[in-house]
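The structure appears below as structure tokens.
Protein chains: 2
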Amino acid sequence: METPGSQSSLHRANLERVVRAVRLAGSLTQAEIARTTGLSAATVSNIVRELKDGGKVEVTPTSAGGRRARSVSLSGDAGIVIGVDFGHTHLRVAIGNLAHQVLAEESEPLDVDASAAQGFDRAEQLVSRLIAATGVDRTKITGVGLGVPGPIDVESGTLGSTAILPGWTGTKPAEELGGRLGVPVHVDNDANLGALGELVWGSGRGVRDLAYIKVASGVGAGLVINGKIYRGPGGTAGEIGHITLDESGPVCRCGNRGCLETFAAARYVLPLLQSSHGTDLTMEGVVRLARDGDPGCRRVIADVGRHIGSGVANLCNLLNPSRVVLGGDLAEAGELVLGPIRESVGRYAIPSAARQLSVLPGALGGRAEVLGALALALSEMGDSTLLDGSLAAATPAFT
Amino acid sequence: METPGSQSSLHRANLERVVRAVRLAGSLTQAEIARTTGLSAATVSNIVRELKDGGKVEVTPTSAGGRRARSVSLSGDAGIVIGVDFGHTHLRVAIGNLAHQVLAEESEPLDVDASAAQGFDRAEQLVSRLIAATGVDRTKITGVGLGVPGPIDVESGTLGSTAILPGWTGTKPAEELGGRLGVPVHVDNDANLGALGELVWGSGRGVRDLAYIKVASGVGAGLVINGKIYRGPGGTAGEIGHITLDESGPVCRCGNRGCLETFAAARYVLPLLQSSHGTDLTMEGVVRLARDGDPGCRRVIADVGRHIGSGVANLCNLLNPSRVVLGGDLAEAGELVLGPIRESVGRYAIPSAARQLSVLPGALGGRAEVLGALALALSEMGDSTLLDGSLAAATPAFT
DNA sequence: CGTCTATGTCCAACTAGTGAACTCTAAGCT
DNA sequence: AGCTTAGAGTTCACTAGTTGGACATAGACG
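Protein sequence lines, in the order shown, are assigned to chains G and H.
The opening position of the first sequence corresponds to residue 1 in the working numbering, with each subsequent residue numbered one higher.
The opening position of the second sequence corresponds to residue 1001 in the working numbering, with each subsequent residue numbered one higher.
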């Protein structure tokens, strides 16, 4: 079963090559596969047959007005992936297939005080509902991506302390959900998944190095380096919220003073407006008011943008990404916040680092995290689960 | 000649696997190669024979007190790499072989006012001298690594403006030196090469993610992510010197205020001591005095350490490396500067990012950059240069 | 001094990819 | 309409290359 070195690993590699080529292009004829993968037509013929027998791929008899080309595409039910995202106030679930198509997506409000068990129950129910609605085959599910709004130890899978979902601390979300659904579950935090979502489906397409800044209750960043999420050896990379901007600034929940968070995160910014705009203000509300022209809200948002810009400038000096994508509720403010960010970056980052940088709003809004979870499930599957399945399915059962 | 897809590319891959394993370990027996690469003993036997026939590898008949193991190592003259480092005041050259052995190393003072042409002449001469001294075969040279103390556009190979070597701006060092030596030359800046040097030979061995902080005339960082130098899409990653620590701090040469550099780099720190300690003070001198107990110098160094620590804390929050290595003249101060750095990191970095971090002085001193250049040449060579040569040499000349 | 054991080599079996020949189909030309 | 053409996909014989197992080798251990 394990050919770590070689021999048939070549075949495996070629299978993956073909699958990847098909996935990227959507559908290809065999000749096109041969050209893009560099394999010979004969080999492609064999591989396609193998994949077709395994049910992993669909061959539509004839397509366009060529001579006689059979177009090959990933069969819709070859593999199903599920994304689950626990957000601040919402639970979101999405179902997709290997062709990067999102089949269904739904969200429902989540009570912050709900216990972890209740949360997972709800998630399980919502997943089941969507499975039923889309009519996909449960056995085709190859993986689940799960997003949690807090620090998670990727090694052990344990959730660290999160002020957003109190009482969930110490739980192991992947195990919990995996147990209920009976499928491997891969977890990551919301910022990393947002980054992945925007990378695959949103404002980050075509870029290999990007930083996704999520401003919500706190401030976090998901870093994509060389096309992959970078978590750092300890799993806590991307904590841009606790970069120090002002050593004598406000005290932050982390114990330091003047962290970026204290100038930008909802929990520190909203109180500024409470005396003038009432106490039940949300970030969303501030953004709406600002768009409608409220000067106080505009000012606050611009200030937040400037501070984020300072943090992003530091990030650019250190990492020099080619794109920064702003996510979270704040992104809805558009130029009201992006302008000040760009201005601040332009001022504080060294010119050569800032020159090629583009700062964009996220294209997916609140969906970034679920879709990222979907992408995580896809990437963790690594195209090879598919193939393992194919081999297992294609091989008649020996004794 | 081109098997882009497959077939014998497998063999090639296995050859590379073996070469890499041997290179990393220095020397291995065939059985060990088989275990570490996952290949079967038979395959290893064939590959070793092939490499031996090609002269790429040496098999020392029997080594330790086992049963009968023949240790395989890259033959000393299979390939020679050269490292060249233009420093602030010195030109350094090292010659090494594929077995990671440094055969010779020499440095000589370099006049800062020297023109680029003069500098390259000197480098060429020094390289020739070392080649002669070690008696290596010039045709065996597979690559040269070159370090320059300034920002370099890796794409175009053009040197940006550097205050250290005025008049070199706009030159293309790789082309210059490559033309003189007739070998491919790979350039990078001093901080990145220092990181590579410490990674391969120094305080960074065994770690996959590290930041090398070089404090000299300026402050720069070389970042190693997943075992490879990370330059960023624009090639300017690691500019830790221009992180903003204090928005209303001293004006920096980059145009901003309160950059880390203004609190830590020689050009800003030395003037502080000039009224009390004379004007021709160097960083080296300050370190020496501090070690001898001079309170003023100790204070200055501790302050520098604290500020570097702030910058490193930001870096840890963002990247969470497992090790930070301090290089440059300042590293000689040992605990006098490392203590304050650690203290500052502990205070400003979020605990989970700082917990597993170790802050160490560089183990190579001023040699880090040349050795890094050597490592760059080795890594850029990419194991396949060697093999191409082998194939060409092993194949009898057909018509 | 015989046995043991791990190393390295040889050989037959097998896997998998390739080029070349071949078939198939629709488009284009006459 | 019939013929030609040309690209698509398949089949087949061949070859490259890895593997498991048998075999030889030589120090270590008792």
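Heads up, the beta-carbon is just placed ideally off N, CA and C, and yes, glycines get one too.
_So, with DSSP's three-state summary, where would you put Tyr1230(H)?_
coil
To the nearest angstrom, how far is it from the Cα of Leu1357(H) to the Cα of Thr43(G)?
49 angstroms
Counting only beta-carbon atoms, is Arg20(G) nearer than 9 angstroms to chain H? no
Review point. Relative to chain G, which residues along the region 1315-1340 of chain H have a C-beta separation below 8 angstroms, given in chain order?
Key: Leu1315, Asn1317, Leu1318, Leu1319, Asn1320, Pro1321, Ser1322
* Distance between Trp201(G) and Glu1106(H) (C-alpha atoms, nearest Å) -> 53 angstroms
Could you give the uninterrupted runs of the beta strand (DSSP E) lying entirely in the region 218-283 of chain G, keeping only those of 3 residues or more?
219-225, 228-230
Q) Does any C-beta atom of chain H lie closer than 9 angstroms to the C-beta of Gly434(G)? A) With chain G represented from 1 up to 399, any question about residue 434(G) goes unanswered, as that position is not in the structure.
Worksheet item: From Leu281(G) to Ala266(G), what distance separates their C-alpha atoms?
Response: 10 angstroms
- Query: So, is Gln30(G) buried or exposed, given that buried needs 16 or more other C-beta atoms within 10 angstroms?
  - Reply: buried
| So with Cβ pairs under 9 angstroms, would you call Ser1352(H) a contact of chain G? | Yes, its Cβ sits closer than 9 angstroms to a Cβ of chain G.
**Report entry** Proximity winner among Arg1122(H), Ser1115(H), Ala1132(H), relative to Leu1103(H) (alpha-carbon distances)
**Finding:** Ala1132(H)
Can you list, in chain order, the residues of its chain with a C-beta nearer than 6 angstroms to that of Gly1147(H)? Leave out the 5 residues immediately preceding and following it. Asp1085, Asp1190, Leu1193, Glu1369, Ala1373.
Does the distance from the C-beta atom of Val961(H) to that of Val1304(H) stay below 9 angstroms? In this structure chain H extends from 1001 to 1399, so residue 961(H) is not present and cannot be described.
- Please classify Val19(G): is it buried, with 16 or more other beta-carbons within 10 angstroms of its beta-carbon, or exposed? buried
Could you spell out where the beta strand (DSSP E) holding Asp1188(H) opens and where it closes? 1185-1189
Item to complete: Could you give the DSSP three-state label for Arg1367(H): helix, strand or coil?
Response: helix
TODO: Could you have a look at Val1136(H) and say whether DSSP puts it in helix, strand or coil?
DONE: In this structure, DSSP gives Val1136(H) a state outside helix and strand, which the three-state scheme calls coil.
Gly150(G) versus Val219(G) - alpha carbon distance: 11 angstroms
So with Cβ pairs under 9 angstroms, would you call Gly1066(H) a contact of chain G?
Legend: pLDDT at Gly1066(H) = 48, less than 50; position of this residue unreliable, no value from coordinates given.
* Asked: Does the separation of the CB atoms of Val337(G) and Ala302(G) fall below 9 angstroms?
  -> yes
- Query: Among the residues of its own chain, which have a CB less than 8 angstroms from the CB of Ser1276(H), if the five just before and after it don't count?
  - Reply: Gly1296
#### Entry: Three-state secondary structure assigned by DSSP to Asn97(G)
strand
Original post:
To the nearest whole angstrom, what separates the beta carbons of Ile141(G) and Val187(G), a pair I think is in contact under 8 angstroms?
Top reply: With a Cβ gap of about 16 angstroms, Ile141(G) and Val187(G) do not count as contacting.
Separation of Gly1079(H) from Leu1126(H), as counted between CA atoms: Pairing Leu1126(H) with Gly1079(H), the inter-Cα distance amounts to about 19 angstroms.
Exercise. Roughly how many angstroms separate the alpha carbons of Ser128(G) and Thr89(G), rounded to a whole number?
Worked result: 21 angstroms
Notebook entry, point to check: Ends of the alpha helix (DSSP H) at Glu332(G)?
Noted result: It is not in any alpha helix (DSSP H) - Glu332(G) carries neither H nor E in the DSSP assignment.
task: At 8 angstroms on the CB atoms, spell out the chain H contacts of Tyr268(G), in chain order.
output: Near Tyr268(G) there are no residues of chain H at all, since even the closest Cβ is about 16 angstroms away, more than 8 angstroms.
- [ ] Please check if any C-beta of chain G sits within less than 9 angstroms of the C-beta of Gln1030(H).
- [x] No, Gln1030(H) does not count as interfacial toward chain G.
Just the C-alpha distance for Glu247(G) and Gln274(G), rounded to the nearest angstrom, thanks.
26 angstroms
Exercise for the section: Determine whether the Cβ of Arg355(G) lies closer than 9 angstroms to any Cβ atom of chain H. Expected result: yes
*asked:* With distance defined between alpha-carbon atoms, name the residue in Asn1314(H), Glu1380(H), Ser1075(H) nearest to Ala237(G).
replied: Asn1314(H)
Tell me the residue span of the alpha helix (DSSP H) that contains Leu10(G). In the DSSP annotation of this structure, the continuous segment of the alpha helix (DSSP H) that includes Leu10(G) starts and ends at 8-25.
(request) From the DSSP output, read off the bridge partner residues of Glu106(G). (result) Note: Glu106(G) sits in a beta bridge opposite Val93(G).
- Task: Report buried or exposed for Leu1024(H), applying the criterion of at least 16 other Cβ atoms within 10 angstroms of its Cβ.
- Result: Label assigned to Leu1024(H): exposed.
### Message
Restricting to Cα atoms, I'd like to know which of Ser156(G), Thr60(G), Leu196(G) is closest to Glu380(G).
### Response
Leu196(G)
Based on the DSSP output, what are the partners of Val1059(H) in its beta bridges? Looking at the DSSP output, Val1059(H) sits in a beta bridge with Val1072(H).
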